[in-house]
Amino acid sequence: MMSGKYFKAHEVSCCIKYFIFGFNIIFWLLGVAFLGIGLWAWSEKGVLSNISSITDLGGFDPVWLFLVVGGVMFILGFAGCIGALRENSFLLKFFSVFLGIIFFLELTAGVLAFVFKDWIKDQLNFFINNNIRAYRDDIDLQNLIDFTQEYWECCGAFGADDWNLNIYFNCTDSNPSREKCGVPFSCCTKDPAEDVINTQCGYDIRAKADSEQMTFIYIKGCVPQFEKWLQDNLTVVAGIFIGIALLQIFGICLAQNLVSDIEVVRESCETQVRRARGVADAAGESHSTLFGADQIPTWLGAEWIHNFEQN
Numbered sequence: 048m049m050s051g052k053y054f055k056a057h058e059v060s061c062c063i064k065y066f067i068f069g070f071n072i073i074f075w076l077l078g079v080a081f082l083g084i085g086l087w088a089w090s091e092k093g094v095l096s097n098i099s100s101i102t103d104l105g106g107f108d109p110v111w112l113f114l115v116v117g118g119v120m121f122i123l124g125f126a127g128c129i130g131a132l133r134e135n136s137f138l139l140k141f142f143s144v145f146l147g148i149i150f151f152l153e154l155t156a157g158v159l160a161f162v163f164k165d166w167i168k169d170q171l172n173f174f175i176n177n178n179i180r181a182y183r184d185d186i187d188l189q190n191l192i193d194f195t196q197e198y199w200e201c202c203g204a205f206g207a208d209d210w211n212l213n214i215y216f217n218c219t220d221s222n223p224s225r226e227k228c229g230v231p232f233s234c235c236t237k238d239p240a241e242d243v244i245n246t247q248c249g250y251d252i253r254a255k256a257d258s259e260q261m262t263f264i265y266i267k268g269c270v271p272q273f274e275k276w277l278q279d280n281l282t283v284v285a286g287i288f289i290g291i292a293l294l295q296i297f298g299i300c301l302a303q304n305l306v307s308d309i310e311v312v313r314e315s316c317e318t319q320v321r322r323a324r325g326v327a328d329a330a331g332e333s334h335s336t337l338f339g340a341d342q343i344p345t346w347l348g349a350e351w352i353h354n355f356e357q358n
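The numbering of the sequence shown is the numbering used here, which starts it at 48 and goes up by one.
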C-alpha cells in the first residue's frame, strides 16, 4: 500500500455541521410531537377509525393545524438533521429548497395580505361565520372559537347577531333549543369576582334591547377586534415575522455552506486520487493498494469507493 501522502484530507466545518444537526433534531422532535398530538386528537374523536368522517365537519378542524405544521417541521427537521449528520448533499439541498419555498410563500402571503386587505377581511368574515355554523359539531372547533372570543373580547364576526347563523342560537320560532336567541358563554363579559364560569350567561341575551346587551356580552365583532389588536401590536408582530424570516435565511445559508464544503472535499478527494493513480501507474502498482480504508471518507459512497478500487 502506498503512503497516505498522496491523500491530504479536507474536512467540512464541524461547527456548521453540528449546529445544523442540533437545531434540526429539536425541530424534528417538535414535528413528531405536533403530529402525535394531531393523531391523538383524531383518535379521540374517532376519525382514525372512520377516515371518511374528515369531510363531515362543516367548519375548520383545528387538528389540521397540528398535522400540517407538524408534517412540515418533521420533513424539514429530518432532511436537515440527517443531511448534516451524514454530510448528504442531496438532503441538504432539499432542506434549502424546501425552506426557500416556505420563505417565498410567507413573503407572497404577506404582500398579498397588505395589498388585498379588504378581500382578506371578507374572507375572514366568511371563515368565522362558516365556523359559527359548525360551533357545536366539533369540540376542538368550539374550544378555538371560545378562546378567540375570550381573548379578543368579541362576539361573532362583526357582532353578536352573527350567532343567528347557528341552528342552536338563532331566534327563529322553529328553534326548540334552550340556547335560542343566545350566545356562547365566551361572549359574556367577565366578572373578576367570579371564580366559576357561568356557561348559561348568554341565554336569551339577544332577545333584549341592544343597550341592555352591552352590560352582559361583548358587542364588538372579532374581525374589527383582530384588526385593532394587529394595529396595537404591529411592531411585535412585524418583529416576529422578520425574526422567522432571518432564521430561515440563516438556515438556508448554513446548509448551502455545508453543501459547498462537502463538494469541495469530494472534488479534492477525486483530484488527489487521480494524481495518486498516476503515481501508482508509473510505479506499476495496483490501484486497490493506494490507500488504507481509513483514508477515504466513507460518505463519498460505497459505489464511488468500489469504482475507485476497480479502476
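By construction, the Cβ of each residue, glycine as well, lies at the ideal position given by its N, Cα and C atoms.
Practice task
Could you tell me the distance, in whole angstroms, from the CA atom of Glu259 to the CA atom of Ile73?
Solution key: 52 Å
Exercise for the section: Evaluate contact between the region 304 to 320 and the region 130 to 138, counting only Cβ atoms and requiring at least three cross-stretch pairs below 8 Å. Expected result: yes
Handout entry: Alpha-carbon spacing of Gly203 relative to Gln278, whole angstroms
Key = 20 Å
Handout entry: Alpha-carbon to alpha-carbon, Lys140 and Met48
Key = Note that Met48 scores a pLDDT of 44, beneath 50, so its modelled location is shaky; the value from the coordinates is reported in the next line. Going by the C-alpha atoms only, they are around 37 Å apart.
Exercise for the section: Take every Cβ of the region 223 to 233, pair it with every Cβ of the region 197 to 212, and state whether three or more of those distances are shorter than 8 Å. Expected result: yes
Practice task
From the DSSP output, in three-state form, read off Cys300 for me.
Solution key: helix
Problem - Proximal residues to Phe232 (C-beta, below 7 Å), its chain only, five neighbours per side dropped - result: Short of 7 Å from the beta carbon of Phe232, and not among the five residues preceding or following it, lie these beta carbons of its own chain, in chain order: Ile244, Asn245, Thr246, Cys248 and Gly249.
Exercise for the section: Could you give the DSSP three-state label for Ile264: helix, strand or coil? Expected result: strand
Practice task
From the DSSP output, in three-state form, read off Cys269 for me.
Solution key: helix
Exercise for the section: Whole angstroms is fine: what's the gap from Leu188's alpha carbon to Asp169's? Expected result: 20 Å
Handout entry: Distance, Met261 Cα to Val115 Cα
Key = 39 Å
Exercise for the section: Spell out a yes or no on whether the region 277 to 293 and the region 58 to 66 are touching, meaning 3 or more CB-CB pairs, one atom from each, closer than 8 Å. Expected result: no
Problem - Ala254 to Trp166 span [Cα, whole Å] - result: 32 Å
Practice task
Ignoring anything shorter than 4 residues or poking outside the region 228 to 255, list the alpha helix (DSSP H) runs there in chain order.
Solution key: none
Exercise for the section: Assign Gly69 to buried or exposed, taking buried as 16 or more other Cβ atoms, counted over all protein chains shown, within 10 Å of its Cβ. Expected result: exposed
Practice task
Kindly indicate the opening and closing residues of the alpha helix (DSSP H) around Cys61.
Solution key: Cys61 to Glu91
Problem - Contact check, Cys201 vs Gly268, beta carbons under 8 Å - result: Cβ atoms of Cys201 and Gly268: closer than 8 Å.
Problem - Collapsed DSSP secondary structure at Phe150 in the structure displayed - result: helix
Exercise for the section: Would you mind working out which of Asn178, Asn304, Leu77 and Pro271 sits nearest Gly117, comparing C-alpha positions? Expected result: Leu77
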